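Chains as they are written, first to last, in the working numbering: chain E, 182 to 694; chain S, 86 to 183; chain G, 5 to 127.
Using N, Cα and C, we set each Cβ at its ideal position, and we do this for glycine too.
Bear in mind that the values here come from a model prediction, so they are computed numbers and not experimental data.
What follows is a single structure, written as structure tokens, with notes after it.
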Amino acid sequence: MIQQIDYFVIAPPLVLALAAGLVLLLDAFLPARPRTRGVLGLVTLAGVLVSLGFVVAQAAGGGTPRSTFCVPPSLADPATVQCSFVADRFTLVFAGMVLVAAVVVVLLSMAELAGGGIPVGEWYFLLLCTFVGAVTLPASRDLIMLVVALELVSLPVFALTALKRYDGRSSEAAVKLFVVSVVSTAVMLFGVSLLYGIAGTVFLSRLGAVFSGQVQAPGVALVQGELPAVGTVGVVLVVAGFAFKIAAVPFHSWAADVYQGAPVPVAALLSVISKAAGFAGLILVLVAALSGQAATWVPIIAVLAALTMTAGNLLALRQRSAVRLLAWSSVAQSGYILAPLAVTVTADGATAIGASMAYLVIYAAMNLGAFAVVMLVSKTTTRNELDDYRGLVFRRPAAGLALAFCLICLAGLPPGLAGLFAKVFVFRELVEGGSGWLALVMAVNTVIGLYYYAVWTARLFASAPEPGPVPEPAPRRTSPATLPAIGIAVAVAVLFSVAPQLVLDVTALSAFG
Amino acid sequence: MTTHYLILSGLLFAIGAMGVLIRRNAIVVFMCVELMLNACNLAFVTFSRQVGNLEGQIIAFFVMVVAAAEVVVGLAIIVTIFRTRRSASVDDANLLKY
Amino acid sequence: MDGYFGSYVLVAALLAIGVAIVAGALLANRLLRPSRPTPDKLTTYECGVDPVGDGWAQSQVRYYVFTYLYVVFAVDAVFLFPWATVFDAPGYGLTTLVEMFVFLGFIALGIVYAWRKRVLTWT
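Listed below in structure tokens is the structure:
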């Protein structure tokens with residue numbers, strides 16, 4: 182029995198995969214000259230843009246979700262549709278966000294690779310592989326695709342982190358990321374095996390039907406809609422596995438070390454693309470497969486969200502390194518993104534997920550903007566601490582103002598309306614969902630967050646360092662690619678500040694098709 | 086009959102998890118992770134037999150391939166850290182701190 | 005000798021007999037032989053040559069990259085086996101055959117890359 186494959190639906194990841202193959206071949210056969218570097222970067226960028234074009238075309242093609250890799254009707258149980266790859270609005274929003282972020286990351290990579298010392302072909306190949314995984318993951322609707330896509334997001338990132346060879350910090354960061362990530366994969370797989378054992382299927386739609394009691398489970402019988410203990414263990418293990426990927430407490434401790442040790446573009450990749458993929462997977466599993474068992478996971482998610490935002494913010498307070506501060510702040514932001522998932526049952530499920538996704542999209546824009554400026558500054562300073570940003574607005578007005586805007590957005594203060602709106606969306610869902618205590622925790626955390634974002638922003642506007650002209654450590658020429666990266670990220674953040682309805686419209690309707 | 090296999094799988098997973106938490110050599114930690122992955126495979130194949138479809142076996146194939154890819158990437162990273170540090174102990178990985 | 009674990013009794017018995025034979029031979033040896041240790045006798049036996057250096061001497065592992073390649077490509081072969089059982093069954097045909105070669109093509113890409121990067125040469 183041969184399945185018909187709808188190539189238009191799988192075009193975005195397919196284009197990226199082909200681009201990855203092309204980059205690998207070009208790297209192997211082109212002579213190793215400085216010009217080759219630029220060629221490879223442009224091929225990568227072109228691949229990402231073509232893929233983005235397909236996503237836009239799919240979005241423009243109307244709201245009906247398209248799917249492929251379906252179980253033929255003759256073999257499937259008619260009760261549920263079983264498809265492995267679905268391009269609905271949820272998929273398209275995530276794929277679009279990942280690909281726009283990918284453009285920024287590729288531009289940052291060009292700047293990073295201009296310094297030499299990192300093999301270029303391998304870098305772009307691995308980068309493209311990660312993008313393939315991150316675009317495939319939100320479209321996956323069975324556990325096998327989900328696991329493979331998640332691994333495809335994670336595996337190349339270890340190598341990317343370690344690619345700066347003979348650098349103690351980056352190989353240490355790689356080994357930490359690797360061990361944590363591999364253990365989390367194993368934990369998640371064990372949970373997946375338990376869920377499969379109970380439901381006897383890997384398709385999320387069918388899992389959802391089994392766990393909500395519509396279809397008789399072949400494995401273990403549900404007693405009055407309640408899972409047996411083994412099912413609870415399965416749910417907890419799967420949630421724990423994803424919690425590692427999104428750096429939620431208590432699985433957060435790797436974040437700062439890895440962000441600091443990895444090259445800056447990889448830190449940006451981890452904090453936006455890899456995190457988005459983790460959230461996509463988590464939302465898919467919880468909402469599409471386990472919505473019938475919400476009583477089991479809602480309290481876990483609520484507590485995780487509260488702990489994550491609190492721990493992230495408290496740890497960020499004492500950081501002096503810019504990248505470490507961004508790392509802990511992104512842990513805290515994970516908590517805010519996680520929070521609406523805890524009210525998917527009591528509030529309207531679709532709008533709660535919409536709030537989560539809206540926050541994620543806005544967070545991606547402002548965080549990438551901040552990382553792009555950090556990348557720019559990291560080229561001229563060695564330590565990249567907060568004090569190095571003193572007076573940046575006067576030295577490099579564009580970069581300084583961009584960073585200031587992004588930080589204010591992250592804090593959620595008025596000029597940066599995007600961040601404020603994102604927080605309001607989440608608050609509204611929490612209050613409407615009757616989870617007042619979580620809203621309170623979030624309010625307190627927003628105030629804590631204000632402190633360290635404000636301190637950093639204040640440094641930007643502080644007068645230049647007092648002890649005269651500091652012997653700048655040989656200002657290396659910054660690559661021209663950093664500025665467009667900053668431009669894109671900040672433009673998107675400004676757009677969301679001016680017209681937040683845009684992102685809300687896109688995400689609110691993105692219930693699964 | 087599948088109960089025995091599931092108990093074995095649970096035991097293997099627990100042994101692997103304990104090893105990850107207790108052992109200090111990166112390569113041994115890594116072997117323990119492989120043990121956990123193989124425990125997952127055993128559970129998948131057992132459940133596949135129990136519920137009577139092949140999906141569990143297909144996952145097991147993918148897990149094997151993923152595990153192999155992880156082995157290669159992981160060992161390569163451990164080799165690079167060994168070259169810079171002359172030690173494979175995870176306690177010696179301490180450059181990145183506050 | 006019946007029940008689920010019954011068939012394992014035979015394995016256990018075989019194991020016990022094996023251990024008994026080896027242990028018995030070593031024990032008999034020990035009881036019969038005279039024991040007069042000298043320093044020369046206690047050194048490690050290395051085919052008659054005097055042992056040099058430490059037990060933890062490092063050897064150059066020049067083939068570990070080959071091992072990596074082998075692991076990846078050998079494991080990818082697991083996808084060939086399920087395919088091999090069905091590809092000539094009715095209803096599959098040429099498309100299935102071509103699909104597998106597309107997969108092999110992607111793997112070959114890795115080999116080509118390794119070859120161009122001079123990983124396959126024995127330095």
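For a contact defined as C-beta to C-beta under 7 Å, what are the partners of Phe146 (chain S) on chain G? The count along the second sequence starts at 1 and reaches residue 146 (chain S) at position 61. Neighbours of Phe146 (chain S) on chain G, chain order: Val82 and Phe83.
Just to confirm before moving on: does the CB-CB distance between Val361 (chain E) and Leu418 (chain E) stay below 8 Å? The count along the first sequence starts at 1 and reaches residue 361 (chain E) at position 180. The count along the first sequence starts at 1 and reaches residue 418 (chain E) at position 237. Not a contact, by the Cβ cut-off of 8 Å.
Could you say if the stretch 373-393 of chain E and the stretch 351-365 of chain E meet the contact criterion of at least three C-beta pairs nearer than 8 Å? no
Taking one C-beta from the stretch 489-497 of chain E and one from the stretch 462-480 of chain E each time, how about it: are there three or more such pairs within less than 8 Å? no
Gly228 (chain E) and Leu197 (chain E) - do their beta-carbons sit closer together than 8 Å? If you number the first sequence from 1, residue 197 (chain E) lands on position 16. If you number the first sequence from 1, residue 228 (chain E) lands on position 47. In this structure, Gly228 (chain E) lies closer than 8 Å to Leu197 (chain E) by Cβ.
Could you tell me which residues DSSP puts in a beta bridge with Cys264 (chain E)? Here residue 264 (chain E) corresponds to residue number 83 of the first sequence, with the count starting at 1. DSSP output for Cys264 (chain E) lists E:Cys251 as bridge partner(s).
Leaving out the 5 sequence neighbours to the left and right, which residues in its chain are closer than 7 Å to Phe371 (chain E) when beta-carbon positions are compared? Position 190 of the first sequence, counted from the start, is the residue given in the question as residue 371 (chain E). Excluding residues within five positions, the ones whose Cβ falls inside 7 Å are Leu418.
Nearest-angstrom Cα separation, counted from Thr562 (chain E) out to Asp569 (chain E): Sequence index remark: in the first sequence, residue 569 (chain E) carries index 388 (1-based). Sequence index remark: in the first sequence, residue 562 (chain E) carries index 381 (1-based). One C-alpha to the other measures close to 7 Å.
With 8 Å as the threshold, decide whether the Cβ of Arg122 (chain G) is near any Cβ in chain E. The residue given as residue 122 (chain G) occupies position 118 in the third sequence. By this cut-off, Arg122 (chain G) is not an interface position.
Per the DSSP calculation, Ile151 (chain S) is bridged to which residue(s)? If you number the second sequence from 1, residue 151 (chain S) lands on position 66. Per the sequence presented here, residue 151 (chain S) reads as Val, with Ile not at that position. Answer is none; Val151 (chain S) lacks a bridge partner.
For a cutoff of 8 Å on Cβ pairs, would you count Met121 (chain S) as touching chain G? Stepping through the second sequence from its first residue, residue 121 (chain S) is reached at position 36. Taking Cβ atoms only, chain G never reaches closer than 8 Å to Met121 (chain S), which makes this a no.
Here's the rule I'm using: 16 or more other beta-carbon atoms within 10 Å means buried, otherwise exposed. How should Arg34 (chain G) be labelled? Walking along the third sequence from the start, residue 34 (chain G) turns up at place 30. Exposed is the call here.
Could you check how far apart the C-beta atoms of Met556 (chain E) and Pro446 (chain E) are, in whole angstroms? I think they sit under 8 Å. As a first step, residue 556 (chain E) must be located in the first sequence, where it is residue number 375. As a first step, residue 446 (chain E) must be located in the first sequence, where it is residue number 265. Met556 (chain E) to Pro446 (chain E), Cβ: 7 Å. Contact.
Let's test the definition: count the other Cβ atoms within 10 Å of the Cβ of Arg346 (chain E) and tell me whether it reaches 16, buried, or not, exposed. The sequence position of residue 346 (chain E) within the first sequence is 165, counting from 1. Arg346 (chain E) comes out exposed.
Helix, strand or coil: how does DSSP classify Asp187 (chain E) here? Here residue 187 (chain E) refers to the residue found at position 6 of the first sequence. Coil at Asp187 (chain E), not helix or strand.
According to DSSP, simplified to helix, strand and coil, what is Val396 (chain E)? Along the first sequence, read from residue 1 onward, the residue named residue 396 (chain E) stands at position 215. Residue state, collapsed to three classes: coil.
So that I know if they touch, is there some Cβ in chain G lying closer than 8 Å to that of Ala200 (chain E)? Against the first sequence, residue 200 (chain E) aligns to sequence position 19. Chain G contact via Cβ: absent.
Three CB pairs or more closer than 8 Å across the stretch 604-619 of chain E and the stretch 631-643 of chain E: no
Does the stretch 669-677 of chain E come close enough to the stretch 98-105 of chain S that 3 or more CB-CB pairs lie under 8 Å? no
Do you know offhand how far Ser502 (chain E)'s Cα is from Ser559 (chain E)'s? Position 321 of the first sequence, counting from 1, holds the residue named residue 502 (chain E). Position 378 of the first sequence, counting from 1, holds the residue named residue 559 (chain E). Their Cα atoms are separated by approximately 11 Å.
Element boundaries [alpha helix (DSSP H), containing Asn494 (chain E)]: Along the first sequence, read from residue 1 onward, the residue named residue 494 (chain E) stands at position 313. First-last of the alpha helix (DSSP H) with Asn494 (chain E): Ala475 to Leu498.
Could you pull out every unbroken alpha helix (DSSP H) segment of at least 4 residues lying fully inside the stretch 316-360 of chain E, listed in chain order? 324-343
Would you mind telling me which residues of chain B sit closer than 9 Å to Gln142 (chain S), beta carbon to beta carbon, in chain order? Considering every chain present, this structure includes no chain B. Its protein chains are E, S and G.
Determine whether the Cβ of Ala111 (chain S) lies closer than 8 Å to any Cβ atom of chain G. Looking up residue 111 (chain S) in the second sequence gives position 26. No, its Cβ sits nowhere closer than 8 Å to a Cβ of chain G.
Between the stretch 580-599 of chain E and the stretch 544-556 of chain E, do at least 3 Cβ pairs fall closer than 8 Å? yes
Taking 8 Å as the threshold (beta carbon to beta carbon), is Val220 (chain E) in contact with chain S? Translated into positions along the first sequence, residue 220 (chain E) becomes position 39. Not closer than 8 Å to any Cβ of chain S, the Cβ of Val220 (chain E) fails to qualify, so no.
Span of the alpha helix (DSSP H) holding Gly516 (chain E)? Position 335 of the first sequence, counted from the start, is the residue given in the question as residue 516 (chain E). Its alpha helix (DSSP H) spans residues Ala503 to Leu519.
Taking the straight line between their C-alpha atoms, what separation do you get for Leu73 (chain G) and Gly314 (chain E)? As a position in the third sequence, residue 73 (chain G) is number 69, starting the count at 1. As a position in the first sequence, residue 314 (chain E) is number 133, starting the count at 1. Going from the Cα of Leu73 (chain G) to the Cα of Gly314 (chain E) covers about 22 Å.
Residue from E:Val267, E:Gly234 and E:Leu294 whose Cα sits closest to the Cα of Thr249 (chain E): The residue labelled residue 249 (chain E) in the question sits at position 68 within the first sequence. Cα-wise, what sits closest to Thr249 (chain E) is E:Val267.
Taking Cβ-Cβ distances shorter than 7 Å, what residues in chain G pair up with Leu341 (chain E)? Locating residue 341 (chain E) in the first sequence gives position 160, counting from the first residue. Within chain G, no residue comes near Leu341 (chain E); the closest Cβ sits about 17 Å away, beyond 7 Å.
Which value, in whole angstroms, describes the spacing of the CA atoms of Leu179 (chain E) and Gly234 (chain E)? As displayed, chain E neither begins before 182 nor continues past 694, which places residue 179 (chain E) out of reach and without an answer.
Helix, strand or coil at Phe9 (chain G) according to DSSP, with G and I counted as helix: Working through the third sequence from its first residue, we reach residue 9 (chain G) at position 5. Residue state, collapsed to three classes: coil.
Neighbour list for Val79 (chain G) in chain S, Cβ cutoff strictly below 7 Å: As a position in the third sequence, residue 79 (chain G) is number 75, starting the count at 1. What Val79 (chain G) touches in chain S: Met149, Val150 and Ala153.
Check this for me: beta carbons of Ala145 (chain S) and Val130 (chain S), under 8 Å apart or not? Locating residue 145 (chain S) in the second sequence gives position 60, where the first residue counts as 1. Locating residue 130 (chain S) in the second sequence gives position 45, where the first residue counts as 1. Their beta carbons are under 8 Å apart, which means Ala145 (chain S) touches Val130 (chain S) by this criterion.
So for Val416 (chain E), helix, strand or coil by DSSP? The residue you call residue 416 (chain E) lines up with position 235 of the first sequence. Helix, per DSSP.
Residue-chain proximity (Val130 (chain S), chain G), Cβ-Cβ < 8 Å: Along the second sequence, one-based indexing puts residue 130 (chain S) at 45. No, Val130 (chain S) lies away from the interface with chain G (no Cβ there is under 8 Å from its Cβ).
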